Amino acid sequence: MSNSKTRRHMKHAMALGRIIGTLAYLIDAPHRHIVRSNLRLAFPDWTAEKTRQTSKRVFQHLGTTFVEICQLTAYSRSDVLARVRVVGAERWQRALDSNQGLILVSAHLGN
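Given below as structure tokens:
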């Protein structure tokens, strides 16, 4: 897939995820209230509007993550590798080759 086609595809997928998240936000009142309650506990100085907006963005982020995970099932190995940035792979290999051991720190899977 070309870069511009990939970017368009990702843009559409993110938009779909935000729509799914917004629908979940509107439908799932119990979890919406839990998110708002947790945000109020974590950020007591926030206004009610900021808490509401942030809770909606939480749901949108989850919707986007859901779509991304669904997309992974259709990705080939080269598709996945094209989206991953590996830093320090040569150091990994040297440590493994010399039996020094290795501590690997990685970011979470997400958007």
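For the sequence shown, position 77 (counting from the first letter as 1) is numbered 66 according to the working numbering, and the numbering increases by one without interruption.
Glycine residues also receive a C-beta, built at the ideal position from the N, C-alpha and C atoms.
As the structure is a prediction and not an experimental result, all values here were calculated from the model.
{"query": "Same chain, Cβ closer than 7 Å to valine 24, five either side skipped, listed in chain order", "result": "Ser44 and Val47"}
{"query": "Reduced DSSP secondary structure (H/G/I, E/B, other) of glycine 6", "result": "helix"}
{"query": "Cβ-Cβ distance between methionine 3 and threonine 40 below 8 Å", "result": "no"}
{"query": "Counted within 10 angstroms of its Cβ, other Cβ atoms place tyrosine 64 as buried (16 or more) or exposed", "result": "exposed"}
{"query": "Length of the line joining the Cα atoms of glutamine 42 and arginine -3", "result": "26 Å"}
{"query": "Distance between isoleucine 58 and isoleucine 92 (C-alpha atoms, nearest Å)", "result": "26 Å"}
{"query": "Coil, strand or helix - aspartate 86 by DSSP", "result": "helix"}
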